[in-house]
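**Student:** In our numbering, the protein residues as written are 92 to 450. Heads up, the beta-carbon is just placed ideally off N, CA and C, and yes, glycines get one too. Shown below is the structure under consideration.
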């Protein structure tokens with residue numbers, strides 16, 4: 092089939108794309124050279140946000156089903172890794188924007204009210220689809236976060252909030268992890284025994300340590316006993332539920348067990364792609380946090396203690412969001428429950444064979 096010819100500028104719609112950078116300052120007699128930079132950087136953000144959403148929605152489509160076919164795992168991981176690479180570029184763009192000084196920004200800032208990043212539907216959509224919950228968000232001015240969006244965007248956001256996020260879909264997928272209980276091998280029971288053996292051994296080492304004084308021994312014992320108590324609580328559904336209510340965990344117990352199993356036996360062929368997925372989700376969440384933090388530092392540099400153009404407390408709000416808006420904290424916290432490789436329970440031969448590839 093022969094396709095009609097198309098030029099570079101027509102295919103990319105360059106006339107409309109390059110005609111959309113319209114500084115507002117000149118309308119009010121303001122001479123602000125750096126307003127063009129400000130517009131270009133933020134429009135570039137939105138273009139990259141669009142690509143992130145394109146990839147994210149395709150990954151969600153894979154995980155929303157009752158079963159995730161193994162052949163789709165590599166594709167899902169590759170697209171999430173693409174998102175991660177885009178995030179690296181987005182974070183670097185802040186360095187470009189910071190070539191503008193606070194005084195340069197003051198040349199046109201007053202012409203921007205009340206425009207704000209709060210009004211970016213695409214950024215809010217990325218956060219929501221990744222798994223940031225409404226109740227987890229910082230509240231500003233006593234209104235829901237989507238109140239700053241246009242009416243039609245609010246409708247889209249409310250519909251988005253009703254569906255499963257990637258966090259929800261991945262948690263359900265992890266909860267279906269096979270091998271956790273397989274014939275005579277029950278992973279959670281075996282792992283608990285290994286953990287308790289390790290920690291009890293640590294207590295014995297402290298008691299027999301002749302180089303520690305009584306005060307140091309007591310403090311060290313208290314730390315180990317606290318760790319032991321935490322470990323035991325996550326092995327009991329009722330105790331785990333209490334920790335969930337306290338906000339210590341977001342993921343359900345089965346999902347967390349699945350994630351931990353993947354982390355521990357990640358070298359087994361059947362778990363290499365799942366481990367790759369969990370790792371890239373952590374990477375994405377980390378880059379989201381990094382972006383918020385760099386944005387907060389930039390706001391502090393540009394505004395000092397002034398409020399933002401959208402009416403927020405500027406730097407203070409962004410700094411608080413850096414910590415509160417993390418999504419995959421459970422995956423990061425898994426490191427709390429890891430033990431040395433030498434202490435990991437070996438898989439039964441039959442189970443290991445089922446998790447391997449044979450040619």
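Which value, in whole angstroms, describes the spacing of the CA atoms of residue 283 and residue 197?
**Tutor:** Distance between the alpha carbons of residue 283 and residue 197 is about 59 Å.
**Student:** DSSP three-state label for residue 231, please.
**Tutor:** Looking at residue 231 - three-state DSSP - the assignment turns out to be strand.
**Student:** Count the other C-beta atoms from every protein chain shown that fall within 10 angstroms of the C-beta of residue 423, then say buried if there are 16 or more, exposed otherwise.
**Tutor:** With fewer than 16 other Cβ atoms within 10 Å, it is exposed.
**Student:** With a threshold of 8 Å on Cβ separation, who are the neighbours of residue 185 within its own chain once the five nearest residues in sequence on each side are excluded?
**Tutor:** Contacts found: 382, 385, 386 and 389.
**Student:** Note down the Cα distance separating residue 395 from residue 188, rounded to an integer number of angstroms.
**Tutor:** Their Cα atoms are separated by approximately 16 Å.
**Student:** I need the DSSP call for residue 331, collapsed to helix, strand or coil.
**Tutor:** It is helical.
**Student:** Excluding the 5 residues flanking residue 425 on each side, which residues of the same chain have their C-beta closer than 8 Å to its C-beta?
**Tutor:** Cβ neighbours of residue 425 beyond the five flanking positions: 347, 350, 351 and 354.
**Student:** Between which residues of its own chain and residue 413 is the CB-CB distance below 8 Å, once the five residues before and five after are set aside?
**Tutor:** For residue 413, where only same-chain residues beyond five positions count, the Cβ hits under 8 Å are 380, 383, 384 and 387.
**Student:** Return the residue from the list 170, 429, 122 and 339 that minimises the CA-CA distance to residue 38.
**Tutor:** Since the first residue shown for the chain is 92 and the last is 450, residue 38 is missing from the structure and cannot be characterised.
**Student:** Give every residue of the same chain whose Cβ lies closer than 6 Å to the Cβ of residue 167, excluding the five residues on either side of it in the sequence, and list them in chain order.
**Tutor:** If we look at residue 167 and ignore the five residues flanking it on each side, its Cβ neighbours are 150 and 153.
**Student:** Find the nearest neighbour of residue 286 within the set 183, 161, 242 and 431, judged by alpha-carbon distance.
**Tutor:** When each option's Cα is compared against that of residue 286, the closest is 431.
**Student:** For residue 176, which option in 427, 391 and 371 has the closest C-alpha, if you only look at C-alpha atoms?
**Tutor:** Ranking 427, 391 and 371 by Cα distance to residue 176 puts 371 first.
**Student:** Per DSSP, what kind of secondary structure is residue 407 in: helix, strand or coil?
**Tutor:** Helix at residue 407.
**Student:** Answer with buried or exposed for residue 242, where buried requires no fewer than 16 other C-beta atoms within 10 angstroms of its C-beta.
**Tutor:** Exposed, by the Cβ-count rule.
**Student:** From this set, 418, 359, 323 and 445, which residue's C-alpha is nearest residue 427's C-alpha?
**Tutor:** That would be 323, whose Cα lies nearest to the Cα of residue 427.
**Student:** State buried or exposed for residue 359, treating a residue as buried only when at least 16 other CB atoms are found within 10 Å of its CB.
**Tutor:** Classification of residue 359: buried, given that the 10 Å Cβ count is 16 or more.
**Student:** Which runs of the alpha helix (DSSP H) at least 4 residues long sit entirely within the segment 165-205? Give them in chain order.
**Tutor:** Counting whole runs of 4 or more residues, the segment 165-205 contains the alpha helix (DSSP H) stretches 193-197.
**Student:** Output needed for residue 362: all residues of its chain with C-beta closer than 6 Å, excluding positions within five of it in sequence on either side, in chain order.
**Tutor:** Same-chain partners within the cutoff: 353 and 356.
**Student:** Quick check on the DSSP output: the alpha helix (DSSP H) that includes residue 118 runs from which residue to which?
**Tutor:** Careful: residue 118 lies outside any alpha helix (DSSP H) and carries neither H nor E.
**Student:** At which residue ranges does the segment 349-432 contain complete alpha helix (DSSP H) runs of 4 or more residues, listed in the order of the chain?
**Tutor:** Runs found: 360-394, 406-415 and 420-424.
**Student:** Indicate the three-state DSSP secondary structure (helix, strand or coil) for residue 213 in the structure shown.
**Tutor:** Correct three-state label for residue 213: helix.
**Student:** Do you know offhand how far residue 208's Cα is from residue 421's?
**Tutor:** Spanning the two alpha carbons is a distance of roughly 28 Å.
**Student:** DSSP on residue 94, reduced to helix/strand/coil?
**Tutor:** Note: residue 94 maps to coil in three-state DSSP.
**Student:** Do three or more CB pairs link the segment 206-225 to the segment 252-260 at distances below 8 Å?
**Tutor:** Contact between the segment 206-225 and the segment 252-260 is present, because at least three Cβ pairs lie under 8 Å.
**Student:** For residue 341, which of 408, 419 and 271 has the nearest alpha-carbon?
**Tutor:** For the residues 408, 419 and 271, the minimum Cα distance to residue 341 belongs to 419.
**Student:** What residue ranges within the segment 299-331 form continuous alpha helix (DSSP H) runs of no fewer than 4 residues, ordered along the chain?
**Tutor:** Those alpha helix (DSSP H) runs which fall completely within the segment 299-331 and span 4+ residues are 305-325.
**Student:** Is the distance from the Cβ of residue 199 to the Cβ of residue 126 below 7 Å?
**Tutor:** It is a contact, given that the beta carbons lie within the stated cut-off.
**Student:** Report yes or no: do the segment 135-143 and the segment 210-220 share at least 3 C-beta pairs separated by less than 8 Å?
**Tutor:** Verdict: yes, contact present.
**Student:** Drop a sphere of 10 angstroms on the beta-carbon of residue 376, count the other beta-carbons inside from all chains shown, and report buried for 16 or more, exposed for fewer.
**Tutor:** By the neighbour-count rule (16 or more Cβ atoms within 10 Å), residue 376 is buried.
**Student:** Quick check on DSSP: helix, strand or coil for residue 248?
**Tutor:** It is helical.
**Student:** So what does DSSP say about residue 122, is it helix, strand or coil?
**Tutor:** Note: residue 122 maps to coil in three-state DSSP.
**Student:** In terms of residue numbering, what span does the alpha helix (DSSP H) encompassing residue 261 cover?
**Tutor:** 257-266 is the extent of the alpha helix (DSSP H) around residue 261.
**Student:** Select from 158, 333, 291 and 98 the residue whose C-alpha is nearest the C-alpha of residue 263.
**Tutor:** Among 158, 333, 291 and 98, the Cα nearest to that of residue 263 belongs to 158.
**Student:** Taking the C-alpha atoms as reference points, what is the distance between residue 130 and residue 270?
**Tutor:** Computed Cα separation, rounded: 52 Å.
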